[in-house]
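Reading through the structure tokens given below for one structure.
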Amino acid sequence: MPHYRSVGDVPPKRHTQHRDPDGRLRFEELMGEEGFSSDSSLLYHREIPSAITDSRPWDLTGQDTIANHPLKPRHLRLHTLFGGGGDGRPGTDAVTGRRLLLGNGDVRISYVVAEADSPYYRNGLGDECVYVESGAARVETVFGTLTVRAGDYVVLPRATTHRWLPEPDRPLRLFCIEANSHIAPARRYLSRYGQLLEHAPFCERDLHGPTEPLLAVGEDVDVHVKHRGPRGEVLGTVFTQATHPFDVVGWDGCLYPYTFSIHDFEPLTGRIHQPPPAHQVFEGDQFVVCNFVPRKVDYHPLAIPVPYYHSNVDSDEVMFYCGGDYAARKGSGIGQGSVSLHPGGHAHGPQPGAYERSIGAEFFDELAVMVDTFRPLELGEGALAADDPGYAWTWAGRGPAA
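Below is the structure:
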């Protein structure tokens with residue numbers, strides 16, 4: 001995170017005695033990135049945070065992927081998952097109910113429609129960036145509580161213990177980006193000291209972290225943990241912690257979970273079409289996250305506002321369509337809740353007719369989250385279940401020759 005915060009009860013000097021009113025010592029925990037060489041926070045626990053009484057396997061099913069071969073663009077209808085109407089299934093939660101869509105060694109993308117409270121959970125592989133398509137929830141974390149609603153990105157640093165509590169009678173639809181690295185605002189938006197610069201499309205005022213500690217008591221609390229296996233595979237373990245993980249009386253530092261609303265992103269526009277980096281929000285190792293929001297479009301008198309055709313030479317492009325009316329995809333079958341995968345090695349762009357229809361347009365009312373990866377993505381079971389088999393042929397208007 002680019003700025004320091006202090007929440008709750010912390011001592012005046014780090015790594016020194018910190019006691020409660022009865023003289024009992026608090027237990028200091030450093031949560032940091034890149035060893036001791038990057039952003040970190042210090043958390044002060046009432047009990048020993050590493051005390052566990054049991055460790056057993058968490059059976060993570062549906063984590064296998066297959067190559068997108070033979071290579072072709074894909075359209076995934078996410079609202080056909082979870083019972084067909086996108087309304088979720090009773091008992092499905094935001095952690096164990098995720099269905100893997102796409103993945104590689106750097107990032108995994110999944111989707112879930114959740115109605116039930118999730119178990120306590122932390123991702124030991126990397127940061128998570130979860131986009132809330134619809135619904136609302138309370139996300140309880142070891143740092144405190146986040147209130148999340150439609151349009152929010154929820155950024156959760158690696159190993160942040162948390163759980164998702166959806167609001168009743170409002171299915172929570174989540175587009176989940178799980179990294180094998182850290183996720184942060186694009187580096188070109190940051191000063192050398194970490195402040196968001198004037199040309200950035202958002203600033204620190206738009207980032208909302210916990211404001212007070214979340215103190216809970218209890219014993220033998222189960223926490224689901226994702227972690228790496230010996231061959232880089234994703235494994236799951238359930239720890240039983242001797243005392244409640246949410247016993248932090250205070251913390252300070254530059255590493256913590258936060259929300260950022262897509263509606264607070266200020267789009268960058270120009271006389272002619274702006275390339276995807278103009279829409280970037282976050283970056284991880286070997287991938288970036290961008291968003292396309294309602295905006296005025298190109299004002300050169302000869303401008304063609306929809307994207308030009310382009311070959312993804314170095315990346316696979318994933319687009320999640322989550323609002324508005326995406327002009328470039330008209331006639332393709334893509335709509336609210338769709339995901340398109342346009343892989344490296346294939347030239348793609350607007351659907352037939354969209355190029356011409358966009359001439360003279362002054363405003364696009366569209367909302368989409370994009371993930372560009374720099375290594376090929378493979379298909380998960382969720383992608384195979386939601387695949388639209390005719391999408392690849394929509395530019396030509398006919399399928400493969402007999």
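Position 232 of the sequence shown, counting from 1, maps to 232 under UniProt numbering, and the rest follow consecutively. Glycine residues also receive a C-beta, built at the ideal position from the N, C-alpha and C atoms.
Item to complete: Specify the secondary structure class of residue 259 as computed by DSSP and reduced to three states.
Response: Position 259 of the sequence shown holds residue 259. Collapsing the DSSP output to three states places residue 259 in a strand.
Item to complete: Identify which residue in 272, 93, 378, 107 has its Cα closest to the Cα of residue 358.
Response: Within the sequence shown, the letter at position 358 stands for residue 358. It is 272.
Worksheet item: Quick one: complete alpha helix (DSSP H) runs, 4+ long, within the UniProt domain "Homogentisate 1,2-dioxygenase C-terminal" (305 to 381)?
Response: If we require 4 residues or more, the alpha helix (DSSP H) runs fully inside the UniProt domain "Homogentisate 1,2-dioxygenase C-terminal" (305 to 381) come out as 354 to 357.
Worksheet item: So does the stretch 142 to 161 actually touch the stretch 227 to 234, counting three or more Cβ pairs closer than 8 Å?
Response: The stretch 142 to 161 and the stretch 227 to 234 do not touch, with fewer than 3 CB-CB distances between them shorter than 8 Å.
Worksheet item: Alpha carbon to alpha carbon, how far is residue 157 from residue 176?
Response: The residue you call residue 157 lines up with position 157 of the sequence shown. The residue you call residue 176 lines up with position 176 of the sequence shown. Roughly 14 Å between the two C-alpha positions.
Worksheet item: To the nearest whole angstrom, what separates the beta carbons of residue 45 and residue 289, a pair I think is in contact under 8 Å?
Response: Residue 45 sits at position 45 when you count from the first residue of the sequence shown. Residue 289 sits at position 289 when you count from the first residue of the sequence shown. Their Cβ separation, rounded to whole angstroms, is 32 Å, which puts residue 45 and residue 289 out of contact at 8 Å.
Fill in: 8 Å contact criterion, which residue 245 and residue 120 should meet: CB distance rounded
On the sequence shown, position 245 is the one that residue 245 refers to. On the sequence shown, position 120 is the one that residue 120 refers to. Confirmed, Cβ separation roughly 6 Å.
Discussion item. Distance check for residue 63 and residue 116, CA to CA, integer angstroms please.
Written reply: For the purposes of this step, residue 116 is identified with residue 116 of the sequence shown, where counting begins at 1. For the purposes of this step, residue 63 is identified with residue 63 of the sequence shown, where counting begins at 1. Approximately 22 Å, taken between the alpha carbons.
Worksheet item: From this set, 166, 154, 202, which residue's C-alpha is nearest residue 189's C-alpha?
Response: Here residue 189 is taken as the residue at index 189 of the sequence shown, counted from 1. Sorting 166, 154, 202 by C-alpha distance to the C-alpha of residue 189 places 202 at the top.
Worksheet item: Where do the N-terminal and C-terminal ends of the beta strand (DSSP E) with residue 48 fall, by residue?
Response: Here residue 48 is taken as the residue at index 48 of the sequence shown, counted from 1. Counting along the chain, residue 48 falls outside any beta strand (DSSP E), and DSSP gives it neither H nor E.
Discussion item. For residue 164, count the other beta carbons within 10 Å of its own beta carbon; 16 or more makes it buried, fewer makes it exposed. Which is it?
Written reply: Here the question's residue 164 lines up with position 164 in the sequence shown. Under a 10 Å Cβ-count criterion, residue 164 is classified as buried, with 16 or more other Cβ atoms of the shown protein chains found around its own Cβ.
Worksheet item: How would you call residue 233, buried or exposed, if buried means at least 16 neighbouring beta carbons within 10 angstroms?
Response: Start at 1 with the first residue of the sequence shown, and residue 233 comes out as number 233. Burial call: exposed.
Discussion item. Tell me whether the stretch 246 to 266 and the stretch 291 to 299 touch, counting them as touching only if at least three CB pairs, one residue from each stretch, are closer than 8 Å.
Written reply: Counting Cβ pairs under 8 Å, three or more are found: they touch.
Fill in: residue 109: first and last residue of the uninterrupted beta strand (DSSP E) it sits in
Taking the sequence shown and counting its residues from 1, the one referred to as residue 109 is at position 109. Residue 109 -> beta strand (DSSP E) spans 107 to 114.
Discussion item. Just to confirm my understanding: we take residue 67, look at its own chain, exclude 5 residues before and 5 after, and list those with CB closer than 7 Å. What are they?
Written reply: Mapped onto the sequence shown, residue 67 falls at position 67. Closer than 7 Å at the Cβ level, and outside the excluded window around residue 67, lie 378.
Item to complete: Thinking residue 107 and residue 127 are a contact (beta carbons under 8 Å), I'd like their distance in whole angstroms, please.
Response: Against the sequence shown, residue 107 aligns to sequence position 107. Against the sequence shown, residue 127 aligns to sequence position 127. Going by Cβ atoms, the distance from residue 107 to residue 127 rounds to 10 Å, so no, they are not a contact pair.
Discussion item. I need the DSSP call for residue 11, collapsed to helix, strand or coil.
Written reply: Position 11 of the sequence shown, counting from 1, holds the residue named residue 11. In this structure, residue 11 counts as coil in the three-state DSSP scheme.
Worksheet item: Is there at least one Cβ from chain B nearer than 8 Å to residue 175's Cβ?
Response: Reference to chain B is not applicable here, since this structure consists of a single protein chain.
Discussion item. As a quick exercise: from 394, 57, 349, 24, pick the residue whose alpha carbon is nearest that of residue 223.
Written reply: As a position in the sequence shown, residue 223 is number 223, starting the count at 1. For residue 223, the closest C-alpha among the options 394, 57, 349, 24 is that of 57.
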